[in-house]
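A.B. asks:
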Amino acid sequence: MAHVDTSKPLEYQTEEGRLKILGFWIFLGAEIMLFATLFTCYFVMEGRTGNGPTGAEIFEIGPVLIETFVLLTSSFTIGLAVHAMRLGSKKATVNFMIVTLILGAVFLGVEIYEFFHYVHVGAGITVSGFTSTLLTTLGTHGLHVTFGLFWGISIIIQIVKRGLNPITANKAFIFSLYWHFLDVVWIFIFSFIYLKGML
Amino acid sequence: MEFFERFAIPHPSFLIYMAMISIVLGAIVIVAGITYFKKWGYLWREWITTVDHKKIGIMYLIVALVMLFRGGVDAVMLRYQLAMPENTFLDSQHYNEVFTTHGVVMILFMAMPFIIFFFNFLVPLQIGARDVAFPRLNSLSFWLFFMGMGLFNLSFIVGGSPDAGWTSYFPLAGNEFSTSVGTNYYMISLQIAGLGTLMTGINFMTTIFRMRAPGMTLMRMPMFTWSALIANVIIVFAFPVLTVALAMGTLDRLAGTQFFTTDNGGMDMLWANLFWVWGHPEVYILILPAFGLYSEIIPVFARRNLYGYTSMVFSMIIISVFSFGVWTHHFFTMGQGALTNSVFSITTMAIAIPTGVKIFNWLFTLYKGKIEMTTPMLYAMLFIPLFTLGGVTGVMLAMSAADYQYHNSMFLVAHFHNVIIPGVVYAMLAGLTFYWPKLFGFMLNEKIGKATAWVMSIGFVLAFIPMYITGLDGQPRRGYTYSEVTGYSTLNMVAFIGSIIMTISFLMLVYNIYYSFRYASRDISSDPWDARSLEWATNTPIPEYNFAVTPQIKSREAFWDHKYGGKDMDLFAGQKIERIHMPNKSGVPFIMNVFFFILGFCLIFSIWIGAIIGLIGVLGCMLHRSFEDDHGFYFEVEEIEEIEREKRGAIK
Amino acid sequence: MKAKMKGTLFATMMALSAIVLGACEPLLVLDPKGPQAQRQADDTMLLIYVMSAIVIAVFTIMAVMLYKYRASKQSPDYEPPHIEGNMLVEAICIGIPVIIVIFLSVVSVKSNYIVEAVPQGYEDTEPLVVYASSSNWKWHFSYPEENIETVNYLYIPAGRALEFRLYSHGPITSFWIPQLGGQKYAMADMETVLHLAADQPGEFMGRNGNFSGVGFAENTFLTTAMTQAEFDEWVQEVHETAEPLTEEIFEELLEPGHLGTSTYTGTHLEFSPPPGPHSPVSERDPNAEVGHE
């Protein structure tokens, strides 16, 4: 707080802000371990379908492509939001964040549809080792997105009310890291769960 | 009525009822006492809402000592049950619960908070920082840990304790074979406490990376800070695995998923793998900071610098990397074949090399020294031989083919107690004695302290060496009884006597604290041991902001050189007091964790409405935090000067 | 003073082990009656010798250091020197342990392949296959070739290779006859194989080594090794006297609890098949997968 280094981007200007960004990167390291563990479990359990269906039998390409497209786009728009923030445009920042969150909500909606579909075709979470792991992995990602939606809304409100300052900019920047991370996780889910399962 | 039945203990016994009554009475006495002395406000203002790393550290310490007592009582009960063949003191179910809680309490609620106490108390002082990077998060970490601990201990009187061993292997821990809520307690309380530990890991990594005093390069950091850094890196990378395992276990028990079941594609071995992928690094999370403490203590009392600083650092880094590549040695007997076993056998033995380097470096630190056998040094010197014994039996266990005979036997039990007690517990007690004057402004009595260390070691040898022998004679671990003809009785009686002697040493420790509190001189300097690293450069008691001016680090043993290294090495030369920014207190972390407690408790008993309320409370507190505009406060220059004058500080 | 107390400590320790080792029967693990246990006992003794050497080296260095450099022996104004470290000393401290670890690794790998294969010296015999499955808290031994099944006791021919196929009807257990060889897990979703052999006839303690709930402590069985002729005779006798094992009887046997010994003709393998030999590597061996993290 004491020192505001104006030569740096807004979110990096205070020592507190810099610490938070580093801390968040470390947190993302832990998150990578979390998802790596889930993926490993998934690979181990992939073939253990018991009496339930296999991946190839239940995966639907349509919803998955929508989810992928929507989430990738949202990753792009949150990037635009941070870019707008660097340019100092509060309005553009907020607008791009709103677009991001709407895309996130669409993603979530499609994912919820997808889950209903799985239950409907007899692949509920209690059916087999495979479905338990699949839905837990997808669900963990989905919960992260859900949490991100609420987090994003609270940041938007703060930017609107308090303007762009080192504190709000820092929060928005960290949120963008989180959102990009979820996108990267999704790419892995798309490649190693859906594509691998459908091929 | 049915609703309340689930809270009853499934296997009550006279002992449990006695314990319940004593816990309830104890709670009433504490609450009444605090009310009578009108200390609620003080408790709230000074402790519950504090974000000061030193006070949070002390709270960790208190929990650790209380849990040491609880785990110790468990241990004596276990040893008494086995002291005689066919003993009927505990029945099988009760014995199973006791050894399960003994393991969990000692590892996660005693050893972990003890080392986190040292992280909290020492790391910011050793690197010359005002506090940790995220003081508020630190408070959150503590209360997460505290509520996890509270929840776990509640299992004892509400609903029944977990009974599937601290490793909680499935399917034994699954719904089919473990019908009480005990394992739910295990899954959820460890999850909550584990989250706290993960936050601690992130916090201290950031702190050590970014908040070191000017001039303190990585290779000038005190050895304890190095060990803390590495341990926290391991925490950040190992605990998420536990998070996943516990989440899966919880889902299996509460939602009927098929992760670790025995049909429908479930895989019980997956739990064992996940548990030990976390569990083995966890062992190093405990032992590395203990090594760090020994590396602080031994040079001080050898009156010499630490031998082989660089190799000490690199051996710790190598240990931390290897710690992730050895987990299969916990189940060589699971049938993964000769090749896999060979690989993990070699990686496990390889860990002995950097560990050996550390032992030799400590020994060479004594070379040409001027050794003073104070209490902390005595612990360290008892640690080296006893730990070596535990280390070499570890190498024996690493020989996978021979391990088929040691696995699951008392030999294994003897081994891990032989590394954890001299390795971790002695280090904690040595560190506690060493830093006691810095913590509380008086020294613990040396005579009683040394006697404690000796009594403890005699008790230790008597309690655990016999187990190596009965293990080789085929006595399995976790068996609540054995028959006369097995011939285990004499040695088990010896082990029981050993555990009693260890109990006496614990009482001596408590007495020492009481005695020293009453009689020890308060007129001690801020550096009573003539120590070497930066934490001793502060005043005692340590002001809230730690250092009035930021020290300038010019060498590895900054404070020693400050004292004896001449003018150029002065830590505070040419520094002016400036205003200091400090974080505000906050009750939100505590309140948030009250909700976490409600959430956890309701999940354990599948009370979904309560769980939702708890979850909303938790999220509400996070939302509050997000919107809160907290700028902290400042210590003004005059205030600091005033405080420093009062404390006759290092700044003259 | 210090050295003396330490001496007392070790004297106590040594005396203790001497009493135990001398007075009692030899420890089961160190009293092998079969080739696998023999290998494990040899490894154990080798390890005890090597490790004792290391322990003695550490103790000696420490005793010398503590004796020579204690403060009371030095002049009050002695100032210990600053020593950073010495490449040569540290190389020795790393080098010797490396050599020891390499040596032990070679032994370890060799032993691994020995205990995981048909016992040495028994390669020519035709192995006796026994399915040993555990339930809470019993052991069921099925002899598919002889077509008989026993509960809670095991008869084996001495001088012939034994191939135990292990699995569980419940929690993970561990099949362990210390004098014949080390243990291996029995699990519900995977069959494991343990190769053993008994050199001579005799009686051996066998048990479940892995905690499996309330009845774990008493989950033991007596193993009797006999000559092939006696074994054949026993099989013959069982076929003449024992009841057939029906699905109903077997279901009853599986009920949690303790039972005495019993004998049946026929095995449960027909109506309650075992989980089968190892499934493909990717499923069987989670380590290979988890290792990629």
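Residue numbers (the working numbering), protein chains in the order written: chain P, -17 to 181; chain Y, 82 to 733; chain C, 129 to 421. All C-beta atoms in this analysis are idealised placements derived from N, C-alpha and C, irrespective of residue type, glycine included.
1. Which residues in chain Y have a C-beta closer than 9 Å to the C-beta of residue 158/C? List them in chain order.
2. Are there 16 or more other CB atoms within 10 angstroms of the CB of residue 665/Y, so buried, or fewer, so exposed?
3. Would you check if there are 3 or more beta carbon pairs closer than 8 Å linking the segment 358 to 367 of chain Y to the segment 48 to 57 of chain P?
4. Using a Cβ cut-off of 9 Å, which residues of the segment 316 to 340 of chain C contact any Cβ in chain Y, in chain order?
5. Using 10 angstroms around the beta-carbon of residue 726/Y, count the other beta-carbons present and answer buried if the total reaches 16, otherwise exposed.
6. Less than 7 Å between C-beta atoms, sequence neighbours within five positions excluded: which residues of the same chain meet that for residue 291/Y?
7. Would you mind stating whether residue 331/Y and residue 268/Y have Cβ atoms separated by less than 7 Å?
8. According to DSSP, is residue 120/Y helix, strand or coil?
9. Residue 269/C versus chain Y: which residues are under 9 Å apart at the beta carbon?
10. Closest Cβ-Cβ distance between residue 318/Y and chain P: below 7 Å?
11. Under 9 Å, CB to CB, which of the residues in the segment 409 to 430 of chain Y have a partner in chain P?
12. Is residue 222/Y close to chain P, meaning its C-beta is less than 7 Å from at least one C-beta of that chain?
13. Rounded to a whole number of angstroms, what is the C-alpha to C-alpha distance between residue 348/Y and residue 341/Y?
14. Could you give the first and the last residue of the continuous alpha helix (DSSP H) run that contains residue 599/Y?
15. Three-state secondary structure (DSSP) at residue 669/Y?
16. Quick check on DSSP: helix, strand or coil for residue 267/C?
17. Just the C-alpha distance for residue 442/Y and residue 183/C, rounded to the nearest angstrom, thanks.
18. With a threshold of 16 other CB atoms inside 10 Å of the CB of residue 404/C, please say whether the residue is buried or exposed.
19. Who are the neighbours of residue 258/Y on chain C, taking C-beta pairs under 7 Å?
20. Check each candidate in 390/C, 381/C and 394/C and name the one with the smallest Cα separation from residue 265/C.
21. Along the segment 362 to 377 of chain Y, what residues have a CB closer than 9 Å to any CB found in chain P?
22. Please identify, using Cβ separations under 7 Å, the residues of the segment 183 to 195 of chain C that lie next to chain Y, in order along the chain.
23. Residue 249/C: buried (16+ other C-beta within 10 angstroms of its C-beta) or exposed?
24. Tell me whether the segment 393 to 407 of chain Y and the segment 637 to 657 of chain Y touch, counting them as touching only if at least three CB pairs, one residue from each stretch, are closer than 8 Å.
25. Less than 7 Å separating the beta-carbons of residue 352/C and residue 283/C?
26. Using a Cβ-Cβ cutoff of 8 Å, what residues of the segment 202 to 214 of chain Y are near chain P? List them in chain order.
27. Given that a residue counts as buried once 16 or more other Cβ atoms are within 10 Å of its Cβ, and exposed if not, what is residue 372/C?
28. Can you list, in chain order, the residues of its chain with a C-beta nearer than 8 Å to that of residue 626/Y? Leave out the 5 residues immediately preceding and following it.
29. Assign residue 557/Y to one of three DSSP states: helix, strand, or coil.
30. Alpha carbon to alpha carbon, how far is residue 370/Y from residue 224/C?
31. I want to see whether chain Y comes within less than 7 Å of residue 157/P, judged by CB atoms only; does it?
32. Taking the C-alpha atoms as reference points, what is the distance between residue 48/P and residue 89/P?
33. I want to verify the contact list: residues of chain P whose CB lies under 7 Å from the CB of residue 219/Y, in sequence order.
34. Between which two residues does the alpha helix (DSSP H) harbouring residue 272/Y extend?
35. On a Cα-Cα basis, can you pick out the residue from 483/Y, 270/Y, 419/Y and 571/Y that is closest to residue 320/C?
36. Quick one: Cα of residue 648/Y to Cα of residue 471/Y, how far?
C.D. replies: Looking at the coordinates:
1. Working through the third sequence from its first residue, we reach residue 158/C at position 30. Neighbours of residue 158/C on chain Y, chain order: 553 and 554.
2. For the purposes of this step, residue 665/Y is taken as residue 584 along the second sequence, with counting starting at 1. By the 10 Å Cβ count, residue 665/Y comes out exposed.
3. The segment 358 to 367 of chain Y, when compared against the segment 48 to 57 of chain P, does not touch it at the 8 Å Cβ threshold.
4. 316, 317, 318, 319, 320, 321, 322, 333, 335, 336, 337, 338, 339 and 340
5. As a working note, residue 726/Y is residue 645 in the second sequence. Residue 726/Y comes out exposed.
6. Within the second sequence, residue 291/Y is the residue found at index 210, counting from 1. Once the five neighbours on either side are set aside, the close Cβ partners of residue 291/Y are 214.
7. Numbered from 1 along the second sequence, position 250 holds the residue referred to as residue 331/Y. Numbered from 1 along the second sequence, position 187 holds the residue referred to as residue 268/Y. Cβ atoms of residue 331/Y and residue 268/Y: closer than 7 Å.
8. Residue mapping note: residue 120/Y aligns to position 39 of the second sequence, counting from 1. Secondary structure at residue 120/Y: coil, using DSSP grouped into helix, strand and coil.
9. As a working mapping, residue 269/C is identified with position 141 in the third sequence. Within 9 Å Cβ-Cβ: nothing; residue 269/C doesn't reach chain Y, min ~19 Å.
10. Locating residue 318/Y in the second sequence gives position 237, where the first residue counts as 1. With 7 Å as the cut-off, residue 318/Y counts as an interface residue toward chain P.
11. none
12. Within the second sequence, the letter at position 141 stands for residue 222/Y. Closer than 7 Å: no.
13. As a first step, residue 348/Y is located in the second sequence; it is residue number 267 there, counting from the start. As a first step, residue 341/Y is located in the second sequence; it is residue number 260 there, counting from the start. Cα to Cα, the separation comes out at about 5 Å.
14. By 1-based counting over the second sequence, the position of residue 599/Y is 518. 570 to 600 is the span of the alpha helix (DSSP H), which, as asked, contains residue 599/Y.
15. Within the second sequence, residue 669/Y is the residue found at index 588, counting from 1. The answer is helix: DSSP assigns residue 669/Y an H, G or I state.
16. By 1-based counting over the third sequence, the position of residue 267/C is 139. Residue 267/C: strand per DSSP, three-state reduction.
17. Here residue 442/Y corresponds to residue number 361 of the second sequence, with the count starting at 1. Here residue 183/C corresponds to residue number 55 of the third sequence, with the count starting at 1. C-alpha separation (whole angstroms): 16 Å.
18. The residue labelled residue 404/C in the question sits at position 276 within the third sequence. Result: exposed.
19. Your numbering for residue 258/Y matches position 177 in the second sequence. Those are 298, 299 and 341, listed as they occur along chain C.
20. Translated into the one-based positions of the third sequence, residue 265/C becomes position 137. Among 390/C, 381/C and 394/C, the Cα nearest to that of residue 265/C belongs to 381/C.
21. none
22. 183, 186, 187, 189, 190, 193 and 194
23. The sequence position of residue 249/C within the third sequence is 121, counting from 1. Exposed, because fewer than 16 other Cβ atoms sit within 10 Å of the Cβ of residue 249/C.
24. no
25. Residue 352/C sits at position 224 when you count from the first residue of the third sequence. Residue 283/C sits at position 155 when you count from the first residue of the third sequence. Residue 283/C is positioned such that its CB atom lies closer than 7 Å to that of residue 352/C.
26. 214
27. If you number the third sequence from 1, residue 372/C lands on position 244. Exposed is the call here.
28. As a working note, residue 626/Y is residue 545 in the second sequence. Cβ neighbours of residue 626/Y beyond the five flanking positions: 211, 661, 663, 716 and 721.
29. Within the second sequence, residue 557/Y is the residue found at index 476, counting from 1. Of the three classes helix, strand and coil, the one that applies to residue 557/Y here is strand, per DSSP.
30. Within the second sequence, residue 370/Y is the residue found at index 289, counting from 1. Within the third sequence, residue 224/C is the residue found at index 96, counting from 1. Using only the alpha carbons, I get a separation of about 26 Å.
31. As a working note, residue 157/P is residue 175 in the first sequence. So no, residue 157/P is outside the interface.
32. On the first sequence, residue 48/P is found 66 positions in, with the first residue counted as 1. On the first sequence, residue 89/P is found 107 positions in, with the first residue counted as 1. Rounded to whole angstroms, residue 48/P to residue 89/P spans 8 Å at the Cα level.
33. Stepping through the second sequence from its first residue, residue 219/Y is reached at position 138. Those within 7 Å of residue 219/Y in chain P number zero; the least Cβ separation is about 12 Å.
34. The residue labelled residue 272/Y in the question sits at position 191 within the second sequence. Start and end: 263 to 291.
35. In the third sequence, counting from the first residue as 1, residue 320/C sits at position 192. Nearest C-alpha to residue 320/C: 419/Y.
36. Taking the second sequence and counting its residues from 1, one reaches residue 648/Y at position 567. Taking the second sequence and counting its residues from 1, one reaches residue 471/Y at position 390. Going from the Cα of residue 648/Y to the Cα of residue 471/Y covers about 46 Å.
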